[in-house]
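Peer 1:
Numbering (my numbering), first residue to last: 817 to 1065.
Structure (structure tokens):
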């Protein structure tokens, strides 16, 4: 795996939370518009989407973060992994290894992490001795139809494997999250959101929002009404199952 060297790692995002991105690019190859790629391309960090899908690891990430955290007088309340890459992307064990080391380092300062992936959350994240903080472990899940995944998220982890890894962490007392975004309109894939919700009824939190950065949803003339209806279904399900719920609708 190719590597790069950076001068900084930890930063406060425009969404007002701290995060780290210890790789440039992502191997998942999502064919819906990727905001992270669009931003990297616009800033000249990558030239093509093919280049983006061949990620480069920040080789000095652990050293950088250790220095940055030790110098901070006021530590962040939490740190997110990751905003512009995936901490457990498929096919890159070097990224997974670095992610685990970074989470352990952050936790050693008493700072919890929030993690979001389209990959498989490693089982060792359940280890409270190695990862002693109340971290939030999340998966991105917009369908349970493997045909949809092979078309739109071709190099991501199979849905059932994502869910099972999250369920393992939940059984070991970990805080869990499912991020249902970008949720597709019926002209992209016909599916019943209740089936997705039933598959993740064990989770602690659900976030739901629509499909952005694409004209495809506008080809579905009633997409505004559709998303309001789906958001209501999510809220009702969460209320019934006592799951914390947030929607971007």
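The C-beta atom is built at its ideal place from N, Cα and C for all residues, glycine as well.
Looking at the unbroken beta strand (DSSP E) that takes in residue 910, where does it start and where does it end?
Peer 2: Premise fails: residue 910 lies in the alpha helix (DSSP H), 909–924, not in any beta strand (DSSP E).
Peer 1: Going by beta-carbon coordinates alone, are residue 1012 and residue 977 separated by less than 7 Å?
Peer 2: Going by C-beta atoms, residue 1012 is not nearer than 7 Å to residue 977.
Peer 1: Residue 865 to residue 853, Cα distance in whole Å?
Peer 2: Taking the straight line from one Cα to the other gives about 7 Å.
Peer 1: Closest by CA to residue 1001, which one among 833, 919 and 1037?
Peer 2: Residue 1001 has its Cα closest to that of 1037, out of 833, 919 and 1037.
Peer 1: Which class does residue 872 belong to by DSSP, given the choice of helix, strand or coil?
Peer 2: The answer is strand: DSSP assigns residue 872 an E or B state.
Peer 1: Taking just the CA atoms, how far does residue 841 sit from residue 884?
Peer 2: Their Cα atoms are separated by approximately 23 Å.
Peer 1: So residue 954 and residue 931 are in contact, right, with Cβ under 8 Å, and what is the actual spacing, rounded?
Peer 2: Indeed, because the Cβ distance is near 6 Å, the residues count as touching under 8 Å.
Peer 1: Identify whether residue 1041 lies in helix, strand or coil by the three-state DSSP scheme.
Peer 2: The answer is helix: DSSP assigns residue 1041 an H, G or I state.
Peer 1: Tell me whether the stretch 912–927 and the stretch 983–990 touch, counting them as touching only if at least three CB pairs, one residue from each stretch, are closer than 8 Å.
Peer 2: No: fewer than three Cβ pairs fall under 8 Å.
Peer 1: Are there 16 or more other CB atoms within 10 angstroms of the CB of residue 957, so buried, or fewer, so exposed?
Peer 2: Residue 957 is buried by the Cβ-count criterion.
Peer 1: Assuming residue 835 and residue 843 are in contact, meaning their beta carbons sit under 8 Å apart, how far apart are those beta carbons, in whole angstroms?
Peer 2: About 19 Å separates the two Cβ atoms, so there is no contact after all.
Peer 1: With DSSP as the reference, please indicate the residues paired to residue 952 in a beta bridge.
Peer 2: 930 and 991.
Peer 1: Out of 900, 875 and 891, state which residue places its alpha-carbon closest to the alpha-carbon of residue 868.
Peer 2: Out of 900, 875 and 891, 900 has the C-alpha closest to the C-alpha of residue 868.
Peer 1: What does the alpha-carbon distance come out to for the pair residue 940 and residue 1035?
Peer 2: Cα to Cα, residue 940 sits roughly 44 Å from residue 1035.
Peer 1: Hey, quick one: how far does the beta strand (DSSP E) through residue 851 stretch, first residue to last?
Peer 2: Counting along the chain, residue 851 falls outside any beta strand (DSSP E), though it belongs to the alpha helix (DSSP H) covering 851–858.
Peer 1: Could you please give the first and the last residue of the uninterrupted alpha helix (DSSP H) stretch that includes residue 1013?
Peer 2: 1009–1015 is the extent of the alpha helix (DSSP H) around residue 1013.
Peer 1: Indicate whether the contact test is met: 3 or more Cβ pairs, each with one atom in the stretch 871–879 and one in the stretch 943–950, closer than 8 Å.
Peer 2: In short, these stretches do not touch, since the Cβ pair count stays below three.
Peer 1: Quick one: what's got a C-beta closer than 7 Å to residue 892's C-beta in the same chain, skipping five residues either side?
Peer 2: For residue 892, where only same-chain residues beyond five positions count, the Cβ hits under 7 Å are 834 and 927.
Peer 1: What are the boundary residues of the alpha helix (DSSP H) that includes residue 882?
Peer 2: 877–887 is the span of the alpha helix (DSSP H), which, as asked, contains residue 882.
Peer 1: Taking all protein chains shown into account, do 16 or more other C-beta atoms lie within 10 angstroms of the C-beta of residue 821, making it buried, or fewer, making it exposed?
Peer 2: It counts as exposed.
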